[in-house]
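Protein chains in written order, with our numbering: chain B, 1 to 283; chain C, 1001 to 1121.
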């Protein structure tokens, strides 16, 4: 079963919660860091064996100029403006390419082949019953969903059990890619106007793709009660509240986890994840 | 020679637009007979990406030799350059006619490369 931890707003505590959840379950668990533009889950995990890494590539068009007659069919087909046809020359802008492969199929001269372009890497390791994998997008690469989808595929086939996905912030393609395979989504927010504003957008997104979800309020005793009022009105369960804690901030700065700083949160984390699993099994 | 000016309107009296990729129209002047044509660029207003590349193709298809705009990013410049189109920049906040005046007087600098960064850098 896959549980994605997401948010609209950044910095609400997705990684803090993801790591704490992964470390609080006894059974075999996989933790996937899909925040590939700024992966940081691994900084909070206990001492581990060296990471095994593999590179991730996407196909992008390569034009054989000896076959190309600059007819422009590929440029007209591309919805992402990744190919420019100028009558005398055809240019490929591979960083705009979404790797759909359409240009190669549509080229009347067969002048386009797809070539692999490196976009990032995936690192993985094990700590006892915990399997970890995380993606790192290469600097300058603007398109992350293909790497995120590869991270989601990296749980070894022999493993079942719980998979926790630390998603990127926002509600655009990277976030949607990270939660797309989840059975359940935990939305982390904070009780501030920004937190509420972005939570609403995240809820709309998650409803659109029809994922069961709940809300966790981090730093719950700061701000005001408008997030609670909103969840109440919308019928969204607030599964956990995490108090504002200076200890937590200090621990975070030292690479320690919520379980180190606030061990009293462990029962709440355990019961939340057990409830989610139970809820899903009943279906 | 055909010269394209980025604009938010559809005549020489319309405001000159400093954006290249996401301007509404290009006002294209043929200085052989002073005729004016309008090239639509509105498809790019909502483009998720690559507006400069598409705009460059639009002016290339119109057969222009020169572009006058506020700025030009790396992908747009590369595309215009591949089509053999020269790029001039103009700081004017006036009309297209004002920019045309400055161009005719030789007051506008020609770019040797992009003068602004791409949006992803």
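Where a beta carbon is used, it is the ideal one built from N, C-alpha and C, also for glycine.
Treat the numbers as computed from the prediction; the structure is a model and nothing was measured.
- Is residue 47 of chain B near residue 182 of chain B, with beta carbons less than 8 Å apart? no
- Query: Along the region 1073-1100 of chain C, what residues have a CB closer than 7 Å to any CB found in chain D?
  - Reply: The displayed structure is made up of protein chains B and C, and chain D is not among them.
- In whole angstroms, what is the alpha-carbon distance linking residue 122 of chain B and residue 39 of chain B? 11 Å
- Nonlocal neighbours in the same chain, by C-beta distance under 6 Å from residue 1029 of chain C, ignoring five residues either side: Contacts found: 1003, 1036.
- Query: With 8 Å set as the bound, which would you pick, yes or no: does the beta-carbon of residue 200 of chain B sit closer than that to a beta-carbon of chain C?
  - Reply: It does not: the Cβ of residue 200 of chain B has no partner Cβ on chain C nearer than 8 Å.
- Could you give the DSSP three-state label for residue 1102 of chain C: helix, strand or coil? helix
- Task: Consult DSSP for residue 68 of chain B and reduce its assignment to one of helix, strand or coil.
- Result: coil
- Item | residue 1096 of chain C CB to nearest heavy atom of the ligand GTP below 7 Å | You won't find the ligand GTP in this model; it holds no ligand whatsoever.
- Residue-level contact to chain C via CB, residue 218 of chain B, 8 Å cutoff: no
- Message: Could you tell me the alpha carbon to alpha carbon distance between residue 1012 of chain C and residue 92 of chain B, rounded to whole angstroms?
- Response: 34 Å
- So with Cβ pairs under 8 Å, would you call residue 1050 of chain C a contact of chain B? For residue 1050 of chain C, at least one C-beta of chain B is nearer than 8 Å to its own C-beta.
- Mind checking who residue 1088 of chain C pairs with in its DSSP beta bridge? In the DSSP assignment, the residues bridged to residue 1088 of chain C are C:1068, C:1110.
- Task: Determine the burial state of residue 1119 of chain C: buried for a count of at least 16 other Cβ atoms within 10 Å of its Cβ, exposed for fewer.
- Result: exposed
- Task: Answer yes or no: does any C-beta atom of chain B fall closer than 8 Å to that of residue 1057 of chain C?
- Result: yes
- Expressed to the nearest angstrom, what Euclidean distance is found between the alpha-carbon atoms of residue 75 of chain B and residue 61 of chain B? 11 Å
- Where do the ends of the beta strand (DSSP E) carrying residue 143 of chain B lie? For residue 143 of chain B, there is no enclosing beta strand (DSSP E), as DSSP gives it neither H nor E.
- DSSP-derived helix/strand/coil call for residue 175 of chain B: helix
- Item | Closest residue to residue 70 of chain B among B:110, B:57, B:55 (Cα-Cα distance) | B:110
- Task: Per DSSP, which residues does residue 1118 of chain C bridge with? Please list them.
- Result: Paired residue(s): none; residue 1118 of chain C is not in a bridge.
- Query: From the beta carbon of residue 264 of chain B, is the nearest beta carbon of chain C less than 8 Å away?
  - Reply: no
- Message: Assuming residue 214 of chain B and residue 239 of chain B are in contact, meaning their beta carbons sit under 8 Å apart, how far apart are those beta carbons, in whole angstroms?
- Response: For a cut-off of 8 Å, the C-beta gap from residue 214 of chain B to residue 239 of chain B is around 4 Å, short enough to register as a contact.
- Could you check the C-alpha separation between residue 17 of chain B and residue 172 of chain B for me, to the nearest Å? 21 Å
- Query: Any C-beta of chain B sitting closer than 8 Å to the C-beta of residue 1102 of chain C?
  - Reply: no
- Item | Whole-number beta carbon distance between residue 135 of chain B and residue 147 of chain B, since they are thought to touch under 8 Å | 5 Å
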